[in-house]
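Undergrad: Chains as they are written, first to last, in this note's numbering: chain A, 1 to 304; chain B, 1001 to 1671; chain C, 2001 to 2258. Dropping a structure here in structure tokens format, bear with me for questions.
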Amino acid sequence: MMLYKISKNNLKDYINYLLERYEVWGPKKINDDYVFSRIENGNEFSDVRTLLGPKDLIYPPQEKLFENDFHEIIVLGVKSCDFRAFKMLDDVLGIDNNYSARRKLVHMFNFVCTEPCEFGFCTTFYGPRLDDFEMQFTDIGEYYLVETNTKKFINNLFENADKNNLDIAIEKSENVYKKMKKLNVEKLNEKISWDNPLWKEFSERCISCGACNFACPTCFCFDVYDESERYREWDSCILAGFTRLAGNANPRPTLDLRLRQRFMHKLKFHYENFDYHLCTGCGRCIEVCPVKIDIRDVIRSVGP
Amino acid sequence: METRTVCPYCGVGCNAIVISDGKKVLNIIPSKREDINYGTLCIKGWKGFYYASNRKRLKKPLKNVNGEFKEISWEEAIDITVKNLKNIMEEYGPESLAFQSSAKCTNEDNYLMQKLARQVFHTNNIDHCARSCHASTIEGLISTFGSGAMTTSIKDINNADLYFIIGSNTTEQHPIIGSRIINNVRMGKKLIVADPRKIQITNFASIHLRHLPGTDLALLNSMAYVILDKGLYDKKFIEERTENFDEFKDVMEFYDPDRTSRITGVDPELIEKAAVLYASSKSIIFYAMGITQHTQGTENVQAIANLALLTGNVGRPGTGVAPLRGHNNVQGSSDMGALCDFLPGYRRVYDDQGRRLFEDAWKCKLPPVPGASLTEMFELAYDGKIRAMYIMGENPVLSEPESDKIKKSLEKIEFLVVQDIFMTETANYADIILPAYSFAEKLGTFTNTERRIQLITPFLEPIGETRNDWEIFQTIANKMGYDWHYKNSEEIMYEISKLVPQYGGINYECIKNNGIQWPVVNCNGTEIMHREKFTRGKGRFMPAYWKKPSEFSNDEYPFILTTGRIYYQFHTGTMTRKINILEREAPEPFVEINTEDAKSLNIRNGGCIRLISRYGEIETRARLTDIVPKGIAFMPFHYYEASVNKITNPNLDPKAKIPELKVTAVKLVRC
Amino acid sequence: MNSMLPIRSKIIDIWDETDDIKSFLIEDVIGEKPLPGQFYELSINGLGEVPISVASWNNDLLFSIKRAGKITEYMHKMKKGDEIGLRGPYGKGFPITAKFKVLIAGGIGLPPARSVIEYSLSTGDKNIQLLYGARSPRDLVYKSLLYEWKKKFDVDITVDVGDENWKGNVGVVTTIFNRIRDIDSFFYIIGPTIMMKFAVLELKKMNVPDENIFLSMERRMKCGIGICGHCNIGRFYVCKDGPVFKYSSIKDIPEIFF
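So this is what it looks like as structure tokens:
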């Protein structure tokens, strides 16, 4: 594993260097919001945690199923919660043609968080640092420390870094652990119950917007429909039509049952198949929920 | 590319960032702006923008040739349109033309359409769907406050202590405002809901008043009675800021809750509790179609305003009256005077001074008599007095009552031109169809329910031969000999900013970041209206006596049908029914009936049910539920397969000309 | 690898079975012999796909399809020679065993039961009993086959509502459970969810162990390969881990019956 550093001033030039060779995406400021969009100039990049992650760049919200329009891109500014989520998606969508094709062609350079975000609880699961990455950037003051296993993306704007720099980087990321409360998810998959009163409680205020599913980096459900061609689009398990059969019978006819499905799938069913919770603690589901339904309440509700 | 836009559906006006490649939407991200949608969207925001690139978009002008639509050139289409409108106008007079503008199009589009009608075709026969939704708000609030719009702001909701929602299914129609209210209630604020149906938001109400449809005025008056009786009114406010209090007091004396409970069906104790709670808190009243779509719609709105005046619950933070406007730009289209009796900026057409301002600016004489309202236009067309119609972005065949009559009128008139983005049930009757830009291709402004004028910038390239709505009007005006030469929509806004005082001095630069709430002075907006004085000076109490709705249940028609909307579909479904997930969630028409009523009618869930009113009959499937109380049926109007407006009540509020869509007497039969 | 692309096939023949069920003989362009209880996704370009269990395989695929929604409605109007897309076979079918198998089929559940019967008979295995319930005599599927099968093994039939000519049992399928030959059998239940629920209840009353009961579950499906999430129940995906499940694996999931 190699250690480099690049000064913050040089980062803009580095991005311009990448732009000469690749299509680059990253967090961009538009008004007061930050979104993952295509970057045309090194000035446009912002090292921030965006409201939505870059899930759409490998798994778009809507796509033609049998089209082969994939090309190589570099995504800067990915957070560990999103990066880890892709690893989880690999286990399910890995057999899908479009997903795996894009996955191979998308390079992700993650930027380690040194401050907790408002709703995140990633330290419950994996925390802000990755152990498996392409290029891991950490803000250590005037420089970014860059950890990588390949020289492919390194140029002369990078200087060598040493273990001291790495220690600072690790210390900065520890800040997130210090400030973020870690929830207890031990045996969560066993303790979570079909009869949790939270399902009914949430259903009283949930407005069925589906934002939790759309913003979640680990949610993968999709619907398929034909409109002269066959398309698929992100779906939401909290919608009634998700399980409604022809003839209108529905195994989950009420909202509380569908909310139950969402949480139990993430925290129990998926765990039983893959030995990990389908959640990286990014907190986006809470942030985009108009009525602030909180998955942390579910985790805490199962008791010690 | 990334573009900030405003959702084209409801009046909340949520901001979203669209990532697109110019040909299609790649991703949609809600804006985190705290003052409107704080990083959230409803499902129509997340899923609903894709209609703009749907393959069924109208791409070329079409001409109806013996029942089939053939593609023609723009030149020919404009030629035919101008020729027909001109000839009919010259032969039968300008009053034989009618124009219908669109609450979904931008302020610039709307301004030019009413200018086209008034300056170029010399008629005040211009109107739009606000007539069927908040026309009573405009009349009601202008007479009481002087201005017909939401008095406060969306973010000010956080400052109130009590929310009173009447006639609004807020979590389904204005989901992000409904959510904000729920969040506040969960933090300790209080909520009163008055609605015959047990809608979702009642889960958070400390008081749910389930009154009979059409009895709102009695209900509101009896709340006023309690407040007067218990001395809970704001004496100082009334003395300093209002007029006509004495007449108000006299009329309210008749509305003691014990007596009105016989009208409304609501327990007098609940009315008392609600009234006391409202009067003793910083309160905002939210209302929508449940209040406005009645023959006493104007009086209902006035009663709401009266309550606010009575308790000083207007003109300061955390208080106000909030009519929740339905469309993304129905506030704007009303502001722009796409109304038969108002010029832009709410000057009455018969107000000489107001009219002169426009006559000078447009260098022409303007008709001083109000034109035909939306509902009247079809009547007049049916009677042969209106002979040509120009409809933009509206689908009256599904959205207006007496749809059979509307269809006959459209068949009868000599010339119909429809300007839209998709074929609609109304467009099927057109002689000429003009393909227009959707919101995705436009640069322009929308004004949301909190009077916020927001800029939308295009994120899709125009498709086919579509043109911008306002450009089409300019072409027609030019062909009619008028030298309109707006180079872009900003030039139109420049003219608007000179003539519409509420939009005074605005330009795209000052609104492009966060929008701005009118009334605007030098790019400074107004978050809360009527702070020092009301727009009309003093707030005026406008008391009224409750009358029975134009229809009521009787032996022949024992049920009351009330119509409305649902969350997944929007109005006539032109946009939402093209979206897979939305259509999947709500694919079919239905009527909600109470489970006990269903039992006595021998109708099972999903079974066929026929609804018969004085105006027609339709068949659909029954949905058994206890959301509706006994004796009431509820049906959404989104579906052409069972168009409920075939059977709805066309009787109008005499002032606002809004139909009483919320009360139709029906017979229900198993089929 | 693109697991969702259908292969072009065509309809070799179509015929009526009942008022709302038609049989479709489709050319097997995939060539992988399906196991009893497996299903294919049948695809109509521009309309969508439906998951249908195999009724029979004999170098060509036989499906018997009830007209229930938009796509099946369209299929019922199709003709011999029409193109149709095919992908599969998917799912885990019924256990192949020499043990005595009681097939309990309701309505449109008979076609998959047929695949079990034909597979067994083809290997010389006659350890089968069929209990079959339909709405009415008009709704009985494979009438001539039923007659043939009666000669080989016990076939008991019942209808919910009889007619003037019906001399057989009238009542739901649980009313003929008294005809079950051997209680120490595997029970394969296929049919509407409500029927499965009561059938299981009745078998439990008769002390049949959970491991001996197999259900063919039904859920809304789209991908058929376990990645779209629609058919998820508990930790299972009906398309991938089912549609046939041992009752003991799923009995603790509250939403198996609805």
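The beta-carbon is built from N, C-alpha and C at its ideal position, and this holds for glycine as well.
Show which residues of chain C have a CB atom less than 8 Å away from the CB atom of residue 250 (chain A).
TA: Near residue 250 (chain A) (Cβ distances below 8 Å), the residues of chain C are 2258.
Undergrad: Ignore the nearest five residues each way along the sequence and tell me which others in residue 1628 (chain B)'s own chain have a CB closer than 6 Å to its CB.
TA: Contacts found: 1197, 1592, 1594 and 1634.
Undergrad: Who are residue 1311 (chain B)'s beta bridge partners in DSSP?
TA: Bridge partners of residue 1311 (chain B): none, in fact.
Undergrad: What are the residues of the stretch 192-219 of chain A that lie near chain B, defined by any Cβ-Cβ distance shorter than 8 Å?
TA: Answer in chain order: 204, 205, 207, 208, 209, 210, 211 and 214.
Undergrad: Determine the extent of the beta strand (DSSP E) in which residue 1208 (chain B) is found, giving its start and end residues.
TA: Its beta strand (DSSP E) spans residues 1207-1209.
Undergrad: DSSP on residue 2092 (chain C), reduced to helix/strand/coil?
TA: Strand, per DSSP.
Undergrad: CB-CB under 7 Å to residue 1438 (chain B), same chain, minus the five flanking residues each way: which ones, in chain order?
TA: Around residue 1438 (chain B): 1052 and 1421.
Undergrad: Considering only DSSP beta bridges, list what residue 2243 (chain C) is partnered with.
TA: In the DSSP output, where bridge partners are listed per residue, residue 2243 (chain C) has C:2092.
Undergrad: Straight-line CA distance for residue 1039 (chain B) to residue 1180 (chain B)?
TA: Roughly 12 Å between the two C-alpha positions.
Undergrad: With a cut-off of 8 Å, does the C-beta of residue 1580 (chain B) fall near any C-beta of chain A?
TA: Taking Cβ atoms only, chain A reaches closer than 8 Å to residue 1580 (chain B), which makes this a yes.
Undergrad: Does the stretch 220-235 of chain A touch the stretch 2215-2231 of chain C, meaning 3 or more C-beta pairs lie closer than 8 Å?
TA: At 8 Å Cβ cutoff, the stretches touch.
Undergrad: Among A:153, A:13, A:228 and A:199, which has the Cα closest to the Cα of residue 238 (chain A)?
TA: Comparing Cα-Cα distances from residue 238 (chain A) to each of A:153, A:13, A:228 and A:199, the minimum goes to A:199.
Undergrad: Which residues of chain A have a Cβ atom closer than 8 Å to the Cβ of residue 1355 (chain B), listed in chain order?
TA: In chain order: nothing, as chain A lies at least about 40 Å away.
Undergrad: Using a 10 Å radius around the Cβ and a threshold of 16 neighbouring Cβ atoms, would you call residue 2107 (chain C) buried or exposed?
TA: It counts as buried.
Undergrad: I'd like to know if residue 42 (chain A) contacts chain C, where contact means its C-beta is closer than 8 Å to some C-beta of that chain.
TA: Judged by the 8 Å Cβ criterion, residue 42 (chain A) is not in contact with chain C.
Undergrad: What are the boundary residues of the beta strand (DSSP E) that includes residue 2010 (chain C)?
TA: Unbroken beta strand (DSSP E) run through residue 2010 (chain C): 2007-2016.
Undergrad: Between the beta-carbon of residue 1541 (chain B) and the beta-carbon of residue 1242 (chain B), is there less than 8 Å?
TA: Against a cut-off of 8 Å, the Cβ pair of residue 1242 (chain B) and residue 1541 (chain B) comes out as a contact.
Undergrad: I need the boundaries of the beta strand (DSSP E) containing residue 2166 (chain C), first residue and last residue.
TA: Looking at the DSSP string, residue 2166 (chain C) is not in any beta strand (DSSP E), and its letter there is neither H nor E.
Undergrad: Under 8 Å, with one C-beta from each stretch per pair, do the stretch 1574-1591 of chain B and the stretch 236-254 of chain A reach the 3-pair mark?
TA: Contact holds: three or more Cβ-Cβ distances are below 8 Å.
Undergrad: With a threshold of 8 Å between beta-carbons, can residue 221 (chain A) be considered close to chain C, or not?
TA: So yes, residue 221 (chain A) belongs to the interface.
Undergrad: Since residue 1171 (chain B) meets chain A, which of its residues come closer than 7 Å, beta carbon to beta carbon?
TA: Neighbours of residue 1171 (chain B) on chain A, chain order: 207.
Undergrad: Kindly say whether residue 32 (chain A), judged by its beta-carbon, lies nearer than 8 Å to any beta-carbon of chain B.
TA: Yes, contact with chain B.
Undergrad: Mind checking the stretch 1177-1188 of chain B against chain A and listing, in chain order, the residues whose C-beta falls within less than 9 Å of any C-beta there?
TA: Listed by position, the residues of the stretch 1177-1188 of chain B near chain A (Cβ gap below 9 Å) are 1178, 1179, 1180, 1182, 1183 and 1186.
Undergrad: Under the rule that 16 or more other beta-carbon atoms within 10 Å means buried, what is residue 2057 (chain C), buried or exposed?
TA: Residue 2057 (chain C) comes out buried.
Undergrad: Among A:22, A:54, A:7 and A:20, whose alpha-carbon lies nearest the alpha-carbon of residue 28 (chain A)?
TA: Cα-wise, what sits closest to residue 28 (chain A) is A:54.
Undergrad: I'd like the span of the beta strand (DSSP E) that includes residue 1029 (chain B), first residue to last.
TA: First-last of the beta strand (DSSP E) with residue 1029 (chain B): 1025-1030.
Undergrad: Answer with yes or no whether the minimum CB distance from residue 1031 (chain B) to chain A is below 8 Å.
TA: With 8 Å as the cut-off, residue 1031 (chain B) counts as an interface residue toward chain A.
Undergrad: Excluding the 5 residues preceding and the 5 following residue 1200 (chain B) in the sequence, name in chain order all residues of the same chain whose CB lies nearer than 6 Å to its CB.
TA: Within the same chain, residue 1200 (chain B) has close Cβ partners 1171.
Undergrad: By the 7 Å beta-carbon criterion, what residues does the stretch 1023-1047 of chain B contribute toward chain A?
TA: So the close ones are 1026, 1027, 1029, 1030, 1031, 1032, 1033, 1039, 1040, 1041, 1042, 1043 and 1046.
Undergrad: Residue 1061 (chain B): which of B:1048, B:1077, B:1175 and B:1047 sits nearest, CA to CA?
TA: That would be B:1077, whose Cα lies nearest to the Cα of residue 1061 (chain B).
Undergrad: What's the C-alpha gap between residue 2177 (chain C) and residue 2018 (chain C)?
TA: Each residue's alpha carbon lies about 25 Å from the other.
Undergrad: Can you list the residues of chain C that residue 63 (chain A) reaches, using a CB-CB cut of under 9 Å?
TA: Within 9 Å Cβ-Cβ: nothing; residue 63 (chain A) doesn't reach chain C, min ~12 Å.
Undergrad: Grouping DSSP H, G and I as helix and E and B as strand, with all else coil, what is residue 2157 (chain C)?
TA: Three-state result, residue 2157 (chain C): strand.
Undergrad: Taking residue 1429 (chain B) and residue 1310 (chain B) to be in contact with their CB atoms under 8 Å, please state how far apart those CB atoms are, rounded to whole angstroms.
TA: That belief does not hold up - the Cβ atoms of residue 1429 (chain B) and residue 1310 (chain B) are roughly 48 Å apart, past 8 Å.
Undergrad: Please check the pair residue 161 (chain A) and residue 5 (chain A), which I expect to be a contact at CB under 8 Å, by giving their CB distance rounded to whole angstroms.
TA: Yes, residue 161 (chain A) and residue 5 (chain A) are in contact; Cβ-Cβ is about 4 Å, under 8 Å.
Undergrad: With H, G and I counted as helix, E and B as strand and the rest as coil, what does DSSP make of residue 2035 (chain C)?
TA: In this structure, residue 2035 (chain C) counts as coil in the three-state DSSP scheme.
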